[in-house]
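First comes the structure, then the notes that go with it.
Residue numbers (the numbering used here): 2 to 774.
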């Protein structure tokens, strides 16, 4: 019988630890697997085994065949319960005695040791439970290949200003309903007499619908948190899972401090968090923004003051409130269907074994894969934080750009550069030849490669990271050939995380020397590729980490494409030959022809002191349709006004199509002064710290926030004759001179100077000042 794990955890039963795996079976039934056969364990250096057993009462220390990554012999230590491990580790490390793999969560240890990544095959007797489904005790459990189709429920709540819940919307692909505290009946709604009755009915419907996944927008911190608070007011538990446990929140220990819902038997996947973890770029991550971007429609009530309008609607037009509430839940369902983000989370879970709401945890994901591979080699990893490494991490190579306006610029990209480097040079913490590494008796000095930072990596034994990457690369190609873009994307995201764990101090694989070997090899490779292009007479106008921007020197685009493909082969072959010659390694690098920009713009740094980095604009032709692509420029930054973005896009469009620009610049400035763009003068900027922390200087958005009593979030404000004011409460006329000088002028001059034009000459400052005489 096949299944998929939703929630791995453990419980204590009469002082004994039991692994509890809540999941869903291929039949669609929920299940719970209980296993009490594993003891919590970690490792200590073998020479100290007896001493450790004597120091820690109740600890059992036994011989084992495994060794550390440094080659030292180890012993395995068994504790009574998982909760004892942190204290034991602390006591031993206080004696300067290292503990290995002492930080791995008990349930994940169980899965890692068995090689189970999300999907499993279970064989054994089961008993039936009304909520938990089939319960297996100590069954036979093995890894399996199976992709589940999970049942997803979207919820959305509405509250009054005191936090009282008066409506809950539930929506699935074939069910929709609002539970409303009201005396009358409404379409798509079920009326209940009180908030308590609303909570009770919500839990009844939740049990009836029995979803595997609960979702919503900010569903963890708001919807479920508010429902739980409401339930406790009446002495109820919010049993949102399949067990009888109450709902609770947990803050992620990483810098993100992201909230996770602790419920058992289901998963809570926040639509907002799914968007971010899939690296989907939006201006902001409000539901309205995401819905408009992907669905072309949005919420029924919008605006910064919508909470007031919602309460008025509940009082005056309850049916409109029901429609609004249901629409919010429906939008999340349709967004997840459109983007297939739940399916992406499932694929990422199947790749790494992480539960669905933790698939974005890159370090933990790779940890799971690495530890399993280590165990198969009889090797044990250090505990997180046990490393003594330090030092800065080098970045990628970024070439100073050559500002200007160009035609037919070729863009090359080294496909998955850092993963390819890891594979090419067998880079891995396990293969690094560190001075302190113990050489086994009779072991000869291995063949090695010296990285540009001096680090040595053995070549006679494949590293784990290179092996994992080679396997994933093969799986990704298979997924692409099989028409499975979700799995291919999941693998791509995972592969791009491999380098990051080497440079993260919170990773057990943290090693500045290994991380720097990768980045410095990367710098060397990109420079070699640039040199190869230049030797063939082509100018490289910009380069960034894994990309080359080459001037084709062709006015004809079709000819530029032909040159681009020929040059790609030549550069790739020369780089591969250099790697073989200098290091004796077979290159795994692949140089891709990413695009050819018909027209291209590279701006100077402000003040004209050299070329800027990570900022450019290009005109593409894709499937017969032109597309203006902007990177790092004002038009794609949130902290610039809409009128400035309009101005930059139109100006670039005119330049790229050889249309006049002077008349456009003058006309837009005149229209701005006439008030035609007053709706496009709003700045948006986030509050990054407490308002009282702004003492020496007070940025405009903070001044505006203080005027309207806003203490967090995104501030929307306008620069007026009276200074910065909240966008929805301006009392003075806009300061048009501010927008002309600080928004339009710098954008214009960056482009106009390449046309031998000047914004100041087109729009004299004196002409602006006369408006205020």
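Note that CB positions come from ideal geometry on N, CA and C, so glycine has one too.
Range covered by the beta strand (DSSP E) that runs through residue i
i, result
"residue 601", "592-603"
"residue 131", "From DSSP, residue 131 is part of no beta strand (DSSP E); its letter is neither H nor E."
"residue 31", "31-36"
"residue 14", "3-14"
"residue 739", "Note, residue 739: premise wrong, no beta strand (DSSP E); alpha helix (DSSP H) at 737-740."
"residue 619", "617-623"
"residue 67", "61-69"
Cutoff 6 Å; reference residue i; Cβ partners in own chain excluding five residues on either side
i, result
"residue 138", "35"
"residue 366", "353, 355"
"residue 579", "529"
"residue 62", "50, 53, 54, 76, 78"
"residue 374", "465"
"residue 553", "409, 411, 561, 564"
"residue 278", "361"
"residue 251", "261, 263"
Cβ pair residue i, residue j closer than 8 Å
i, j, result
"residue 147", "residue 33", "no"
"residue 144", "residue 121", "yes"
"residue 270", "residue 346", "yes"
"residue 764", "residue 667", "yes"
"residue 41", "residue 13", "no"
"residue 25", "residue 151", "yes"
"residue 489", "residue 480", "yes"
"residue 142", "residue 176", "no"
"residue 662", "residue 670", "no"
"residue 525", "residue 421", "no"
Residue i burial status per 10 Å Cβ neighbour count (16 or more: buried)
i, result
"residue 678", "buried"
"residue 328", "buried"
"residue 759", "exposed"
"residue 280", "exposed"
"residue 493", "buried"
"residue 404", "buried"
"residue 767", "Unreliable placement is indicated for residue 767, whose pLDDT of 48 sits below 50; no coordinate value is reported for it."
"residue 427", "buried"
"residue 635", "buried"
"residue 168", "buried"
"residue 245", "exposed"
"residue 348", "buried"
"residue 128", "exposed"
Reference residue i; option with closest CA among the options
i, options, result
"residue 574", "583, 591, 386, 559", "591"
"residue 710", "691, 696, 723", "691"
"residue 434", "398, 456, 426", "456"
"residue 505", "125, 645, 393", "393"
"residue 563", "173, 167, 411", "411"
"residue 748", "178, 658, 646", "646"
"residue 298", "335, 286, 204", "335"
"residue 593", "221, 415, 248", "415"
"residue 472", "371, 513, 566", "371"
"residue 519", "247, 453, 544, 538", "453"
Cutoff 7 Å; reference residue i; Cβ partners in own chain excluding five residues on either side
i, result
"residue 769", "Note that residue 769 has pLDDT 46, beneath the 50 cutoff, so the model's placement of it is unreliable and the number below is only indicative. Counting only Cβ-Cβ distances below 7 Å, and skipping sequence neighbours, we find 738, 741."
"residue 772", "Here the model assigns residue 772 a pLDDT of 44, short of 50, so the residue's position is not dependable, and the following value carries that caveat. Closer than 7 Å at Cβ, skipping near neighbours: 674."
"residue 705", "716, 718, 725, 726, 727"
"residue 344", "487"
"residue 9", "22, 108, 109, 112, 356"
"residue 558", "409, 597, 599"
"residue 548", "412, 413, 414"
"residue 774", "Because the pLDDT at residue 774 is just 43, under 50, the model does not fix this residue reliably, and the value given afterwards should be weighed accordingly. If we look at residue 774 and ignore the five residues flanking it on each side, it has no Cβ neighbours."
"residue 659", "none"
Same chain, Cβ closer than 8 Å to residue i, neighbours up to 5 away in sequence not counted
i, result
"residue 283", "276, 290, 291, 294"
"residue 256", "Here the model assigns residue 256 a pLDDT of 45, short of 50, so the residue's position is not dependable, and the following value carries that caveat. Result list for residue 256: empty, nothing under 8 Å."
"residue 200", "166, 228, 231, 232, 235, 237, 239"
"residue 27", "2, 3, 4, 147, 149"
"residue 567", "none"
Bounding residues of the alpha helix (DSSP H) (the contiguous stretch that carries residue i)
i, result
"residue 339", "319-340"
"residue 56", "50-56"
"residue 702", "701-709"
"residue 537", "Segment: none, residue 537 is in no alpha helix (DSSP H) and carries neither H nor E."
"residue 277", "272-278"
"residue 652", "643-657"
"residue 423", "418-426"
Residue i beta carbon near the ligand FAD (any heavy atom closer than 7 Å)
i, result
"residue 94", "No copy of the ligand FAD appears in this structure; indeed no ligand is present at all."
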